[in-house]
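Each position in the sequence shown, counted from 1, maps to that position plus 1134 in this note's numbering.
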Amino acid sequence: MIETNCSLKPFNSFAIEAKTEQLFYLKTRKQFPELLNHIKIAEQNKRPILILGAGSNILFCENFAGLIIKVELSGIEIIESKNNYQLHIGAGENWHQLVANCIEKGIDGLENLALIPGVVGAAPVQNIGAYGSEFKDFCESVEYIDLESGELHRLTTEQCLFGYRDSIFKTVVLGNCLITQVTLNLTKQWHPKSRYGALNDLKDKTAKQIYQSVCQIRSEKLPDPDKLGNAGSFFKNPVVNQEVANALLARYPTMPNYPQNDGRIKLAAGWLIEQANLKGRQIGGAVVHQQQALVIVNQGDATASDIVQLAALVRDTVKQKFNIELEHEVRFIGAQGETNLSEVLKRV
Ligand SMILES: Cc1cc2nc3c(=O)[nH]c(=O)nc-3n(C[C@H](O)[C@H](O)[C@H](O)COP(=O)(O)OP(=O)(O)OC[C@H]3O[C@@H](n4cnc5c(N)ncnc54)[C@H](O)[C@@H]3O)c2cc1C
């Protein structure tokens, strides 16, 4: 079950060539003791460890000098009660397939989150979101295995500390916890969330209709990673205080802005990038997508370095024009584990 010196190209949606020293496929819970043993050996040899889902939010900046655990735990159990459905889902299940199956069965709620690539176990990590819904809206609990002690724990939604593209899994317990199962709670008192974009114009606001519209809009708007390597939104939408937003609005009255519950204002990173004339900018095989400025694509032969250089150009140009610091949403993985744009730039 463990492979050595493997190519990671099939396991990242940017389709970047990189290798890992070791790759372990976690398919069943029976493998937990074996997994913990491999982790112990990797730690003794001072090798880094990375947990991988479908690789659709990751940029491998160089070869990985350690052990990658590819989570493929399967299984979906649905428990129906009078008012709701409780779903227990293995971390390796495909997210979109789950959404599609639910809609097919008449279990409503997840429709706005259709066509988000990746597996279920990665969904809580950055609290995936789209079209006014977020993973946290449906999450009851998240089960994980502590990679040091081997113990299984379960966190409630509150304990997961979900935020905008954020959770406890990106901060406090990062690196030490492998999500094994997710429990969702979908109420039968369903209400459509259709305030966003073209969903607003839908006549028939059933979950199935919203699902189909979301699929259609996303297919038209976003490049398909199977055809054009990418990891979706490269940068997060910046959230600024009212003063900063007002100053920008005075200069750019048409700037999209979204007031948040905490009084701050979310700006559209894609708009900022577009206004900075970066659409279509290219370095090597990496390009700022013509239709969607927030997405950096691999035109076929991009290296990780091309993508890193282009990301730096975008970040710096936006900073110069708007004095806004874009933060990347894509997780940067270096030889020794997670890193970031500034760190990677120091090394090239
Ligand atoms: C075309 C496209 C569109 C996208 N649209 C959206 C969108 O609308 N909204 C959105 O939120 N995201 C979007 N994304 C980003 C991506 O789909 C999500 O971040 C997704 O949850 C990543 O899943 P994955 O299985 O590929 O995770 P990976 O990329 O493999 O991993 C992502 C992170 O999660 C960690 N991780 C993965 N599995 C586990 C586990 N079992 N336990 C602990 N940690 C784990 C990894 O270590 C890594 O840090 C898009 C991506 C693409 C390519």
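Just so you know, even glycine gets a beta-carbon here, dropped at the ideal spot from N, CA and C.
Status (buried if at least 16 other CB within 10 Å, exposed otherwise) for residue i
i, result
"H1325", "exposed"
"Q1426", "buried"
"I1202", "buried"
"V1233", "buried"
"Q1433", "exposed"
"S1267", "buried"
"Q1156", "buried"
"V1464", "buried"
"T1305", "exposed"
"N1146", "buried"
"P1182", "buried"
"L1479", "exposed"
Close-in-space but distant-in-sequence residues of the same chain around residue i (CB under 8 Å, 5 per side omitted)
i, result
"L1383", "M1389 and N1391"
"K1143", "A1149, I1150, E1151 and A1152"
Option nearest residue i by Cα separation, candidates the options
i, options, result
"T1321", "Y1265, I1212, C1294 and C1349", "I1212"
"L1170", "Y1386, E1285, A1438 and A1402", "E1285"
"Q1293", "A1332, C1273, A1176 and G1209", "C1273"
"L1318", "Q1178, L1289, R1329 and L1475", "L1289"
"R1163", "L1232, V1205 and D1360", "V1205"
"A1341", "I1136, F1145, G1240 and F1194", "G1240"
"D1396", "H1462, E1245, Q1443 and Y1298", "Y1298"
"A1225", "L1444, S1275 and N1380", "S1275"
"Q1260", "G1187, R1181 and L1281", "G1187"
"V1316", "Y1265, V1307, F1296 and V1254", "V1254"
"N1217", "D1242, D1360, P1387 and A1410", "D1242"
is_contact[residue i, chain B] using C-beta, thresh 9 Å
i, result
"H1172", "You won't find chain B in this structure, because it holds only one protein chain."
Coarse secondary structure for residue i, derived from DSSP in three states
i, result
"D1338", "coil"
"S1328", "coil"
"L1142", "coil"
"E1206", "coil"
"G1284", "coil"
"H1222", "strand"
Spatial neighbours of residue i in its chain, beta-carbon cut-off 7 Å, leaving aside the 5 residues before and after
i, result
"L1406", "V1452, F1456 and I1458"
"I1237", "E1245, A1341, K1342 and Y1345"
"E1282", "N1310"
Cβ neighbours of residue i in the same chain (closer than 6 Å, five flanking residues each side left out)
i, result
"Q1443", "I1417"
"L1362", "V1431"
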